[in-house]
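Peer 1: Residue numbers (full-length UniProt numbering): 1 to 753.
Here you go, one structure.
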């Protein structure tokens with residue numbers, strides 16, 4: 001019976017665990033042998049390093065056993081109740097984490113001990129050669145005994161091997177897959193604990209110790225639950241590196257639009273106003289985040305300069321905003337960036353809790369405008385707001401600006417009213433509700449009006465009576481501003497929202513209904529405009545599908561693709577004729593011929609090696625010309641825009657089972673999460689012509705050279721799926737957006753001349 005229990009337990013061990021366990025045991029045995037043979041003839045001070053490394057290996061063995069037991073208990077707790085008993089599961093997981101951290105400490109000590117032992121032996125080797133310590137056994141065997149020399153050298157090699165290899169093997173003793181196999185719920189529960197514990201500890205390091213509490217349903221657990229669900233691809237047998245390789249494959253197949261005949265250029269008046277107000281959206285980032293991007297080496301100096309730390313005597317002239325520091329540095333940073341006097345900044349907030357937004361209210365008398373600038377993601381609380389991206393129902397109060405405004409088309413009102421319930425991004429909706437309460441009071445009486453701060457500025461016979469209201473924000477701030485504008489539009493009909501790189505935050509009906517007073521600008525391929533639960537699930541499924549089409553995908557190919565993920569494709573690099581490169585979002589006219597381009601020795605070919613006419617949807621494969629037996633990864637051109645393969649290899653394949661749970665962009669079902677969209681009129685700015693391309697690292701410091709940008713009115717359906725591109729993150733930087741807007745205006749000015 002004991003053997004039956006032991007066999008499956010041994011199969012659960014990682015190979016790294018077996019190798020390191022054996023190596024540590026060898027170090028202990030050899031160390032004990034050498035110390036026993038030399039203790040009577042050598043000074044104890046010479047034997048100390050040998051004793052230390054042997055004891056360290058012994059401790060490591062004990063910790064490995066305890067770590068394995070804790071890991072086993074954690075896995076069993078997750079298997080027994082993957083969706084319940086959260087407290088017990090967390091307790092066992094934290095026990096395993098503590099033993100893992102202790103093992104890490106032992107690893108560091110062993111590494112240091114190995115280095116010390118090498119230097120110690122080298123230091124005393126010359127003394128042995130000079131005749132000192134001639135009676136020491138270790139000295140004698142190092143000079144006279146061949147087997148002794150081999151024994152000592154072998155001991156030192158094993159000590160160095162153990163100290164070095166343990167730095168790269170990780171804390172896991174057992175294979176998680178040996179417990180969870182293809183159980184989707186078990187993998188989700190496991191990664192919920194991983195993300196939950198990791199986020200709480202990270203927030204504690206950032207000074208948010210309150211999040212270390214073990215509340216079962218707080219916002220941290222909600223975000224961890226979502227992230228755990230997104231990592232469910234582990235149930236299909238896919239590793240993290242394989243997923244990265246799949247993403248690299250998708251990046252390779254990025255393509256350009258051949259014609260822009262069917263798209264409409266964006267109205268110039270909106271682009272001009274968006275350009276004029278963009279600086280306020282960027283100025284709202286009063287922390288050090290953007291300074292890190294602008295000045296990676298000297299960002300502390302740049303941030304302190306913006307904060308006005310060098311001019312403390314001007315403190316009393318700076319406006320007071322909620323949560324500012326003693327010298328009112330955030331107010332100073334905002335005013336310095338927009339280059340305005342302190343009198344224009346009337347109200348604001350920078351201190352935050354969860355689902356609260358930092359904002360600044362500015363009065364511009366020369367433009368007869370009140371600008372509300374909402375900061376994007378900069379703090380840990382902002383990240384929590386981003387992560388709370390499950391859908392929530394929008395109430396009638398949330399849509400007050402659409403339902404009760406006299407300027408909204410009655411047909412649009414009827415459409416909104418008849419299609420309840422409506423949905424939004426839960427974190428953004430909550431933040432917009434809080435911000436609404438901050439700046440415009442409580443409930444609104446259409447007869448009596450409002451008594452909030454905005455009403456005190458914009459009410460009848462008030463200071464800013466008749467002024468325009470402009471709400472601006474970048475990224476998260478733009479999405480919050482859009483929902484805030486939807487609530488306020490019935491009170492202030494001259495309101496307009498400019499969101500730069502916002503997140504999808506409302507359903508399609510609401511997104512279309514607010515097009516008259518909300519403008520969303522998207523710079524090229526920036527990821528935020530396409531970031532939703534549905535798009536992430538589809539991207540994950542697309543990457544898995546790309547790799548699952550051939551079960552002989554080699555590790556070398558995976559590493560090669562993962563490395564190429566950091567570089568632009570040869571297709572883009574080697575093109576000599578550059579067309580207007582908007583993507584296929586607008587026309588959907590993708591042909592098989594678009595994929596017949598060389599990729600560094602690889603080629604996209606039709607499976608039948610026959611010509612493909614325009615509009616046909618044929619299967620294509622990535623084929624390595626050097627070896628016909630290399631892996632072939634098939635991608636269906638007809639499904640490329642949503643990156644989902646509609647067919648699977650086998651009915652019982654875990655990947656096939658996983659794919660059935662992924663929501664598709666073209667045909668949703670009742671169980672799929674509601675699709676969220678960018679709000680309002682979408683202006684998409686795309687580069688008209690690109691210069692030479694460089695690696696992703698170089699793009700971090702040098703703007704991608706483009707002769708000009710063009711701006712088009714985009715279909716919001718085009719932003720349902722994430723485009724894997726080397727510039728997808730860099731395009732989200734605020735100065736990229738400003739650069740694109742300026743290039744659009746310059747191009748139109750040149751055309752007018």
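Each residue gets a CB set at the ideal place from its N, CA and C atoms; glycine is no exception.
What is the C-beta distance between residue 727 and residue 525, in whole angstroms, given that I count them as a contact (C-beta under 8 Å)?
Peer 2: The residue given as residue 727 occupies position 727 in the chain shown. The residue given as residue 525 occupies position 525 in the chain shown. Confirmed, Cβ separation roughly 6 Å.
Peer 1: Spatial neighbours of residue 229 within its chain, please: C-beta separation below 7 Å, excluding the five flanking residues on both sides.
Peer 2: Here residue 229 refers to the residue found at position 229 when the chain shown is read from its first residue. Result list for residue 229: 188, in chain order.
Peer 1: Should residue 418 be labelled buried (16 or more other beta-carbon atoms within 10 Å of its own) or exposed?
Peer 2: Here residue 418 is taken as the residue at index 418 of the chain shown, counted from 1. Classification of residue 418: exposed, given that the 10 Å Cβ count is below 16.
Peer 1: Using a Cβ-Cβ distance cut-off of 8 Å, determine whether residue 316 contacts chain B.
Peer 2: In the structure shown, chain B does not exist; there is a single protein chain.
Peer 1: Are residue 498 and residue 277 closer than 8 Å when you measure CB to CB?
Peer 2: To locate residue 498, count along the chain shown from 1; it is residue 498. To locate residue 277, count along the chain shown from 1; it is residue 277. Their beta carbons are under 8 Å apart, which means residue 498 touches residue 277 by this criterion.
Peer 1: Where do the ends of the alpha helix (DSSP H) carrying residue 278 lie?
Peer 2: Locating residue 278 in the chain shown gives position 278, counting from the first residue. Unbroken alpha helix (DSSP H) run through residue 278: 268-283.
Peer 1: Closest to residue 754 by C-alpha separation, out of 95, 386, 370, 440, would be which residue?
Peer 2: Since the first residue shown for the chain is 1 and the last is 753, residue 754 is missing from the structure and cannot be characterised.
Peer 1: Less than 8 Å between the beta carbons of residue 427 and residue 386, yes or no?
Peer 2: The residue given as residue 427 occupies position 427 in the chain shown. The residue given as residue 386 occupies position 386 in the chain shown. Yes. Within cutoff.
Peer 1: Output the distance between the C-alpha atoms of residue 44 and residue 52, rounded to the nearest integer angstrom.
Peer 2: Here residue 44 refers to the residue found at position 44 of the chain shown. Here residue 52 refers to the residue found at position 52 of the chain shown. Residue 44 and residue 52: Cα-Cα distance of roughly 12 Å.
Peer 1: If you drop the 5 nearest sequence neighbours on each side, which residues of the same chain put their C-beta closer than 6 Å to that of residue 16?
Peer 2: In the chain shown, the residue the question calls residue 16 occupies position 16. Taken in chain order, the residues that qualify are 169.
Peer 1: Can you tell me whether DSSP reads residue 611 as helix, strand or coil?
Peer 2: What you label residue 611 is simply residue 611 of the chain shown in a count that begins at 1. Note that residue 611 scores 38 on pLDDT, short of 50, meaning its location in the model is unreliable; the coordinates nonetheless yield the value given after this. Residue 611: coil per DSSP, three-state reduction.
Peer 1: Looking at residue 346: is its Cβ nearer than 8 Å to the Cβ of residue 328?
Peer 2: Mapped onto the chain shown, residue 346 falls at position 346. Mapped onto the chain shown, residue 328 falls at position 328. No.
Peer 1: Could you tell me how far apart the beta carbons of residue 679 and residue 514 are, in whole angstroms, since I believe they sit closer than 8 Å?
Peer 2: Working through the chain shown from its first residue, we reach residue 679 at position 679. Working through the chain shown from its first residue, we reach residue 514 at position 514. Contact holds; Cβ gap of about 6 Å.
Peer 1: Could you please give me the residues that DSSP links to residue 468 through a beta bridge?
Peer 2: What you label residue 468 is simply residue 468 of the chain shown in a count that begins at 1. Residue 468 is bridged to 369.
Peer 1: Buried or exposed for residue 343, going by 16 or more other Cβ atoms inside 10 Å?
Peer 2: As a position in the chain shown, residue 343 is number 343, starting the count at 1. Exposed is the call here.
Peer 1: Would you check if the distance between the CB atom of residue 38 and the CB atom of residue 29 is smaller than 8 Å?
Peer 2: Taking the chain shown and counting its residues from 1, one reaches residue 38 at position 38. Taking the chain shown and counting its residues from 1, one reaches residue 29 at position 29. No, Cβ-Cβ distance for residue 38 and residue 29 is not below 8 Å.
Peer 1: Got a sec? Which residues, its chain only, sit under 7 Å from residue 505 by beta carbon, not counting five neighbours each side?
Peer 2: Here residue 505 refers to the residue found at position 505 when the chain shown is read from its first residue. Once the five neighbours on either side are set aside, the close Cβ partners of residue 505 are 424, 425, 428, 479, 482, 483, 676, 679.
Peer 1: Using a Cβ-Cβ cut-off of 7 Å (strictly less than) and excluding sequence neighbours within five positions of residue 212, which residues of its own chain qualify?
Peer 2: Numbered from 1 along the chain shown, position 212 holds the residue referred to as residue 212. Only residues of its own chain outside the window of five on either side were considered, and among them 200, 204 have a CB closer than 7 Å to the CB of residue 212, listed in chain order.
Peer 1: Indicate whether the contact test is met: 3 or more Cβ pairs, each with one atom in the segment 347-365 and one in the segment 298-312, closer than 8 Å.
Peer 2: no
Peer 1: With which residues is residue 685 paired in a DSSP beta bridge?
Peer 2: By one-based count along the chain shown, residue 685 stands at place 685. Paired residue(s): 523, 711.
Peer 1: Below 6 Å CB to CB, which residues in the same chain sit around residue 381 once its five sequence neighbours on both sides are set aside?
Peer 2: As a working note, residue 381 is residue 381 in the chain shown. Excluding sequence neighbours, residue 381 sits near 352, 354.
Peer 1: Taking the Cβ atom as the reference point for each residue, do residue 24 and residue 69 lie within a distance shorter than 8 Å?
Peer 2: Along the chain shown, one-based indexing puts residue 24 at 24. Along the chain shown, one-based indexing puts residue 69 at 69. Going by C-beta atoms, residue 24 is not nearer than 8 Å to residue 69.
Peer 1: Which residue or residues does DSSP assign as beta-bridge partners of residue 474?
Peer 2: Numbered from 1 along the chain shown, position 474 holds the residue referred to as residue 474. DSSP lists 500 as partners of residue 474.
Peer 1: Among 157, 67, 58, 34, which residue has its Cα nearest to the Cα of residue 13?
Peer 2: On the chain shown, position 13 is the one that residue 13 refers to. Answer by Cα proximity: 67.
Peer 1: In the DSSP assignment, find the unbroken alpha helix (DSSP H) run with residue 394 in it and report its ends.
Peer 2: Along the chain shown, read from residue 1 onward, the residue named residue 394 stands at position 394. First-last for residue 394: 391-394, but that is the beta strand (DSSP E), not the alpha helix (DSSP H).
Peer 1: Name the one or two DSSP bridge partners that residue 363 has.
Peer 2: Taking the chain shown and counting its residues from 1, the one referred to as residue 363 is at position 363. Residue 363 pairs with 370.
Peer 1: Do the segment 116-125 and the segment 71-82 touch if we need at least three Cβ pairs shorter than 8 Å?
Peer 2: no
Peer 1: Between which residues of its own chain and residue 264 is the CB-CB distance below 6 Å, once the five residues before and five after are set aside?
Peer 2: By 1-based counting over the chain shown, the position of residue 264 is 264. These residues qualify, in order along the chain: 713.
Peer 1: Would the beta-carbon of residue 319 fall within 8 Å of that of residue 331?
Peer 2: Here residue 319 is taken as the residue at index 319 of the chain shown, counted from 1. Here residue 331 is taken as the residue at index 331 of the chain shown, counted from 1. Closer than 8 Å, so yes.
Peer 1: Could you tell me the distance, in whole angstroms, from the CA atom of residue 681 to the CA atom of residue 370?
Peer 2: Position 681 of the chain shown, counting from 1, holds the residue named residue 681. Position 370 of the chain shown, counting from 1, holds the residue named residue 370. One C-alpha to the other measures close to 22 Å.
Peer 1: Just the C-alpha distance for residue 193 and residue 232, rounded to the nearest angstrom, thanks.
Peer 2: Locating residue 193 in the chain shown gives position 193, counting from the first residue. Locating residue 232 in the chain shown gives position 232, counting from the first residue. If I take the Cα positions, the gap works out to 13 Å.
Peer 1: Of all the options 413, 458, 539, which has the alpha carbon lying nearest to the alpha carbon of residue 244?
Peer 2: The residue given as residue 244 occupies position 244 in the chain shown. The shortest Cα separation from residue 244 among 413, 458, 539 belongs to 539.
Peer 1: With DSSP as the reference, please indicate the residues paired to residue 264 in a beta bridge.
Peer 2: Start at 1 with the first residue of the chain shown, and residue 264 comes out as number 264. In the DSSP output, where bridge partners are listed per residue, residue 264 has 713.
Peer 1: Determine the DSSP secondary structure at residue 164, reduced to helix, strand or coil.
Peer 2: Reading the chain shown from its first residue, position 164 is the one you call residue 164. In this structure, residue 164 counts as helix in the three-state DSSP scheme.
Peer 1: Are residue 521 and residue 685 touching if we call contact CB-CB under 8 Å?
Peer 2: Reading the chain shown from its first residue, position 521 is the one you call residue 521. Reading the chain shown from its first residue, position 685 is the one you call residue 685. A contact, by the Cβ cut-off of 8 Å.
Peer 1: Decide if residue 437 is buried, meaning its Cβ has at least 16 other Cβ atoms within 10 Å, or exposed.
Peer 2: The count along the chain shown starts at 1 and reaches residue 437 at position 437. When all chains shown are included, residue 437 counts as exposed.
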